[in-house]
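Below: the structure, in structure tokens.
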Amino acid sequence: MAWLFGLDKQNAEAYSAFFRENNVLKKDLKYYHSQHNSLERRVKGLERDVESLKDELEDLDECVDRQTVVDIIHPR
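FYI, the numbering for the sequence shown is 9 to 84, going by the working numbering.
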């Protein structure tokens, strides 16, 4: 009977250790998930900024004669 008690105690200690480790991993996962979401929002914002800048560049291209700009930069 004492042998069974020893196993029960050992199992309880192992369960307790695994439970603590599981809680640590859950906290880490929650933190990394939050970080992932924050980075995802930042990336989406940057993608919107890039699209906006592309639109502005297209508008400028329509207003400027490329050859004139090239001639200004590289006079003959």
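Beta carbons are placed, not taken as given, at the ideal position from N, Cα and C, and that holds for glycine.
These numbers were taken from a predicted model, which means no experiment stands behind them.
Straight-line Cα distance separating residue j from residue i
i     : j     : result
Gln18 : Lys34 : 24 Å
Asp63 : Glu55 : 12 Å
Asn30 : Ala22 : 12 Å
Val51 : Arg84 : 43 Å
Ser46 : Val58 : 19 Å
Phe27 : Asp36 : 14 Å
Lys38 : His44 : 10 Å
Own chain, CB closer than 6 Å to residue i, minus 5 neighbours either side, in chain order
i     : result
Asp73 : none
Same chain, Cβ closer than 8 Å to residue i, neighbours up to 5 away in sequence not counted
i     : result
Gly53 : none
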